[in-house]
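To keep things clear, I will list the structure first and then write my remarks on it.
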Amino acid sequence: MTTRPVRTHPPADPSLPGPQPGPASPGPATPTAPRDPRWARPALLALLLVTGVLYLHGLSASGYANSFYSAAVQAGSESWKAFFFGSLDAANAITVDKPPAALWPMELSVRIFGLNSWAILVPEVLMGVGTVAVVHASVRRRFGAVAGLIAGAVLALTPVAALMFRFNNPDAMLALLSSVACYLVLRAVEDGRTKWLVWAGVAIGFAFLTKTLQAFLVLPALALVHGACAPVRMRKRLTQLALATAALVVSGGWWVAVVELWPASSRPYIGGSQNNSFLELTFGYNGLGRLNGDETGSVGGGGGGGGGMGGGGGQWGETGWDRMFGAEVGGQISWLLPAALILLAGGLVLTRRAARTDLARASFLVWGGSLLTTTAVFSYMAGIFHQYYTVALAPPLAAVTGMGTVALWERRREPWVSLTLAAAGTATAAWGYVLLDRTPDYLPWLKWAVLAGGPAAALGLALAGRVGRRVALGAAGLALVTALAGPTAYTLSTVQQGHSGSIVTAGPAGAGRGGGGRPGGGGGPGWGGGFPGGGRNQQEQTPPGGFTDGAGGFPGGGPTGRDGGQNSQGGRNGLPTGRNQQNAPGGSAEAGGMPGAGGMGGLLGGADVGAEAKELLETDAGDYTWAAAAVGAQNAASYQLATGAPVMAIGGFNGTDPSPTLDRFKEYVADGRIHYFVAGGGMGGGRDSGTSAEITSWVEENFEEVTAGTATFYDLTRKRAGD
Numbered sequence: 010m011t012t013r014p015v016r017t018h019p020p021a022d023p024s025l026p027g028p029q030p031g032p033a034s035p036g037p038a039t040p041t042a043p044r045d046p047r048w049a050r051p052a053l054l055a056l057l058l059v060t061g062v063l064y065l066h067g068l069s070a071s072g073y074a075n076s077f078y079s080a081a082v083q084a085g086s087e088s089w090k091a092f093f094f095g096s097l098d099a100a101n102a103i104t105v106d107k108p109p110a111a112l113w114p115m116e117l118s119v120r121i122f123g124l125n126s127w128a129i130l131v132p133e134v135l136m137g138v139g140t141v142a143v144v145h146a147s148v149r150r151r152f153g154a155v156a157g158l159i160a161g162a163v164l165a166l167t168p169v170a171a172l173m174f175r176f177n178n179p180d181a182m183l184a185l186l187s188s189v190a191c192y193l194v195l196r197a198v199e200d201g202r203t204k205w206l207v208w209a210g211v212a213i214g215f216a217f218l219t220k221t222l223q224a225f226l227v228l229p230a231l232a233l234v235h236g237a238c239a240p241v242r243m244r245k246r247l248t249q250l251a252l253a254t255a256a257l258v259v260s261g262g263w264w265v266a267v268v269e270l271w272p273a274s275s276r277p278y279i280g281g282s283q284n285n286s287f288l289e290l291t292f293g294y295n296g297l298g299r300l301n302g303d304e305t306g307s308v309g310g311g312g313g314g315g316g317g318m319g320g321g322g323g324q325w326g327e328t329g330w331d332r333m334f335g336a337e338v339g340g341q342i343s344w345l346l347p348a349a350l351i352l353l354a355g356g357l358v359l360t361r362r363a364a365r366t367d368l369a370r371a372s373f374l375v376w377g378g379s380l381l382t383t384t385a386v387f388s389y390m391a392g393i394f395h396q397y398y399t400v401a402l403a404p405p406l407a408a409v410t411g412m413g414t415v416a417l418w419e420r421r422r423e424p425w426v427s428l429t430l431a432a433a434g435t436a437t438a439a440w441g442y443v444l445l446d447r448t449p450d451y452l453p454w455l456k457w458a459v460l461a462g463g464p465a466a467a468l469g470l471a472l473a474g475r476v477g478r479r480v481a482l483g484a485a486g487l488a489l490v491t492a493l494a495g496p497t498a499y500t501l502s503t504v505q506q507g508h509s510g511s512i513v514t515a516g517p518a519g520a521g522r523g524g525g526g527r528p529g530g531g532g533g534p535g536w537g538g539g540f541p542g543g544g545r546n547q548q549e550q551t552p553p554g555g556f557t558d559g560a561g562g563f564p565g566g567g568p569t570g571r572d573g574g575q576n577s578q579g580g581r582n583g584l585p586t587g588r589n590q591q592n593a594p595g596g597s598a599e600a601g602g603m604p605g606a607g608g609m610g611g612l613l614g615g616a617d618v619g620a621e622a623k624e625l626l627e628t629d630a631g632d633y634t635w636a637a638a639a640v641g642a643q644n645a646a647s648y649q650l651a652t653g654a655p656v657m658a659i660g661g662f663n664g665t666d667p668s669p670t671l672d673r674f675k676e677y678v679a680d681g682r683i684h685y686f687v688a689g690g691g692m693g694g695g696r697d698s699g700t701s702a703e704i705t706s707w708v709e710e711n712f713e714e715v716t717a718g719t720a721t722f723y724d725l726t727r728k729r730a731g732d
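Just so we're aligned, residue 10 is where the sequence shown starts under the working numbering, counting upward by one.
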C-alpha cells in the first residue's frame, strides 16, 4: 500500500499578501491546497463577477453573431433530430461542418428562453467565466491565490478571449474543455488517483465533439506529463493512461458511431464533407487539410496551401514561427506571449532539480506544453486559419504568466531570477508599444505610457531583491499595470462593439488587419476580417478564380456563369449598398458583406432580409418542408432566422458540398416540399460549386422570378410561361 508524503513548504514570503507555496518543494504534493488568505475568496468572486459583467456588456449588439451557427441553434431548439445531428434547419437537410456539442448549450437555452441574442450568447459568456475559474483554480492550487488571480485576470483581459466568449462559434467551449482537461491531469499528477485522468479523457472527448481534431493539440503535453510525473508506479501510470484513452474514445466516439451507422437516407447530409461522411470531414477538411492546405470544398478549393508546414506564404496568410506576432494576429493574443515564454523558461529552470513528482514543474509542463504545441501548429498550418482560433492559446498563456510571475517573485533575491523578471517586463512593454503602434489612431498616448512605464518597472524588478518591500511591490504593481494596459484597452474596445458574420477580430479598427488591409470584423462594424491572403480582409481579397468586375461574382459573373451574377439583396447586379446587414434581436449588426460586390454576399456575412422578402417567405410557409432554398449556409441562415421557417442550405457553408444532388432537388420540387429559391449566394461560379451551379441553372431556366423589395426569388410552384 502506497502512502502519500506530507506536503512541505518553505517559509512564507513576507512581501506577498498571504502564505505562498514554494515552486520546488520536494516530493509529490498532497491533494490539499495551500491555505488561502482571507481576501482570496472575495477577490476570486470579484474577478468572476467583473468578468461576467464585462462580457455581458452590450451583448445584444451582436444580434445573432454568426448566423450560420444561430440558424443551427434555432433548428435544434425546434427539432430533437436537428439537435442531435447539428442540422442547419429543422427539416434536417444538412448539418454544420462541425460536430454539434458546442450547439447543445445554446439550443437548450433557446428552448427555455426563446430565440433571441441573449439566449444564444449568454451560454458563451458563462463558458468564459467558467474558463477563468478553472484556470484560476489550477494555478492557485499549487502557486497560491496571487498567482491564480493574475492568471484569471490575464485570461479575462485577453482581447480574443473577450471576443470569443461573447460569440457563438465553437471556440468558447473548446477553450473551456481544454482548460478542464489540464486541471484534471494536474489533479491526477497531484495525488495519483485514476478518476482525475479518466475525467480528463472525457473532457477531451467532448472537446473533440466540439471542434474535432483541434481538441487533441493539448494531448501530447497531458499524456507525457502524467506518464513522467504521476506519483505512482510506471505500470499504474500506463494503465491510467489506457483508461483515460478509453474514456476519450467513448465520450468522443459514441456520437460518431451513431452518425456513421445511421442510414444516410434518413439523416441530414454531413456538411463540409464531399462523401456524406463525418470521418471524411474529420480527417480531411477539418483535419489534415487544415495542416497542409488541401481542403476540398473550402473557399480555397483544395489546391494546397502554398506555404505548407514548412513555412512561407499561403492563401490564409504567412506561416512561420512569428505568425502569432504578425499584423493579422498579434493584437488578438500576443500581448503577453513574450513574457509567458520567458517566465516558462524561468519556471522550468527553477524546478529543474525538483523531484520527479513535483507539482510545480508538472504545472509548467502541462500549461507550457499546451501553449507551445498549439502555437506551433497554428504558426505553420497552411489551411484555413482565422485570427479568432488563437483563443485556444489564452488559457495556457494566462496560466503560465500567473505561475511564472509568482514562482520567480518568490526567488527574486537571486540575481538571475530578478533579471529574468526584468526581462519579462521589458519584453512585454516593448511588444505592447509595437502592437499599440499598429493602431496609431486608437488611444495614441497609451503606447507612450507603456513605453515609459515598462523600463521603470523593469529596473525596479531587477533590483527587487535588494530594495525594500514597498519599493519591490511598487515595481511589481507597475509591471502588471504596464503589461495589462494594452490588452485591457483592446478588450474594452471589443466589448463596446457588436460582432457578426463568419470571421471576426478583436480590438479597435485595424487591429486584425494585415499590411494595407481594412479593419477586421471586430475592428470596425461591417468588416469580416481575415479572408485568405496575406493580410487583406474578406471584403477586399480576391477569392480563388478572381472577381470579374464591380458587379461582383466569379468567372462568368454568377453561379451559372451568367453576366453580372446575382445576389439576394440586389438582383442580378450585386449589392445595392456597400455592405450586408443582418437584422437580429437587439439591433442590427452588420454582417461583413462584400462592399460593391455581390459574388460572396451570402457566403461570409449572410443577407439583409427586408420586410417584403420576409412576408413573401412566411406566406403559406407551413405548407412546405422548406420555405425556401438558398445556395450557401449563411444566405440560407439569414432567411431562416428572419422567418422562423426551415430554409435549405444548398451546398452547405460554401455552397460546394454535393448536397442535394440535382435529381434529389428536382424530387423535392416535384413533391411540393420547397416553395422558393433564393437568387444568388454561396461562392458563385467557383470550381467546386458544380452541384449548386446545376441547381441554380435548372431553377433559372424553369421557374418564374418573383421580386420582393430588392431581393429576387424563384417560385418553385410556378413554371415559366411556355414550359
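Every residue gets a Cβ at the ideal spot worked out from N, C-alpha and C, and that includes glycine.
Beta strand (DSSP E) segment containing residue i, residue limits
{"i": "V640", "result": "635-640"}
{"i": "M115", "result": "Not the beta strand (DSSP E): M115 falls in the alpha helix (DSSP H), residues 112-122."}
{"i": "T716", "result": "712-717"}
{"i": "V687", "result": "683-687"}
{"i": "T328", "result": "326-328"}
{"i": "R246", "result": "Not the beta strand (DSSP E): R246 falls in the alpha helix (DSSP H), residues 243-270."}
{"i": "A720", "result": "720-728"}
{"i": "A658", "result": "656-659"}
Cα-Cα separation between residue i and residue j, rounded to whole angstroms
{"i": "G31", "j": "G356", "result": "Caution is warranted here: a pLDDT of 42 is assigned to G31, below 50, making its placement in the model unreliable, and the coordinate value is therefore given only provisionally. When rounded, the distance between both Cα atoms is 12 Å."}
{"i": "Y131", "j": "P114", "result": "According to the sequence shown, residue 131 is Val rather than Tyr. If you take the alpha carbons of V131 and P114, they lie about 10 Å apart."}
{"i": "V119", "j": "A730", "result": "44 Å"}
{"i": "L445", "j": "L185", "result": "29 Å"}
{"i": "A181", "j": "A498", "result": "21 Å"}
{"i": "R175", "j": "T514", "result": "12 Å"}
{"i": "V265", "j": "G214", "result": "11 Å"}
{"i": "R196", "j": "L460", "result": "40 Å"}
{"i": "A485", "j": "A354", "result": "19 Å"}
{"i": "Q283", "j": "L206", "result": "36 Å"}
{"i": "P669", "j": "S706", "result": "14 Å"}
{"i": "A190", "j": "G210", "result": "7 Å"}
{"i": "R202", "j": "T291", "result": "32 Å"}
{"i": "M136", "j": "V144", "result": "12 Å"}
Nonlocal neighbours in the same chain, by C-beta distance under 6 Å from residue i, ignoring five residues either side
{"i": "R744", "result": "Any property of residue 744 remains undetermined from this structure, which presents the chain solely from 10 to 732."}
{"i": "W440", "result": "P347"}
{"i": "V426", "result": "L417, R420"}
{"i": "P667", "result": "T700"}
Member of the options whose CA lies at the smallest distance from the CA of residue i
{"i": "S96", "options": "V687, T726, V656, V144", "result": "V656"}
{"i": "A679", "options": "N711, P667, N301, V62", "result": "N711"}
{"i": "M173", "options": "W425, V476, Y397, P108", "result": "Y397"}
{"i": "L342", "options": "P404, L290, G664, A651", "result": "The identity of residue 342 in the sequence shown is Ile, whereas the question assumes Leu. Here the closest residue by C-alpha is P404."}
{"i": "W635", "options": "Y278, A100, R727", "result": "A100"}
{"i": "T383", "options": "T104, A128, A230, K107", "result": "A230"}
{"i": "W48", "options": "D98, G153, Y648", "result": "G153"}
Residue i: CB within 7 Å of a non-hydrogen atom of the ligand NAP
{"i": "L482", "result": "Only the bare structure without any ligand can be found here, which leaves the ligand NAP out of the picture."}
Neighbourhood of residue i by C-beta, 8 Å cutoff - its chain only, sequence neighbours within 5 removed
{"i": "G1", "result": "The first residue shown for the chain is 10 and the last is 732, placing residue 1 beyond what the model contains."}
{"i": "A436", "result": "P347, A348, I351"}
{"i": "V134", "result": "G61, Y64, L65, L68, F174, R175"}
Cβ neighbours of residue i in the same chain (closer than 7 Å, five flanking residues each side left out)
{"i": "Q505", "result": "G67"}
{"i": "L371", "result": "Correcting the residue type first, residue 371 is Ala in the shown sequence and not Leu. Hits under 7 Å: L195, V198, V234, C238."}
Collapsed DSSP secondary structure at residue i in the structure displayed
{"i": "K107", "result": "coil"}
{"i": "D632", "result": "helix"}
{"i": "S275", "result": "helix"}
{"i": "S761", "result": "Because the chain is modelled from 10 through 732, residue 761 falls outside the range shown and cannot be assessed."}
{"i": "L166", "result": "coil"}
{"i": "N546", "result": "Per-residue confidence for N546 stands at a pLDDT of 33, beneath the threshold of 50, marking its modelled position as unreliable; no derived number is given."}
{"i": "N644", "result": "helix"}
{"i": "T291", "result": "helix"}
Delimiting residues of the alpha helix (DSSP H) encompassing residue i
{"i": "R673", "result": "671-679"}
{"i": "A184", "result": "180-200"}
{"i": "N301", "result": "298-301"}
{"i": "L63", "result": "49-65"}
{"i": "M412", "result": "403-419"}
{"i": "P347", "result": "346-359"}
{"i": "G463", "result": "453-471"}
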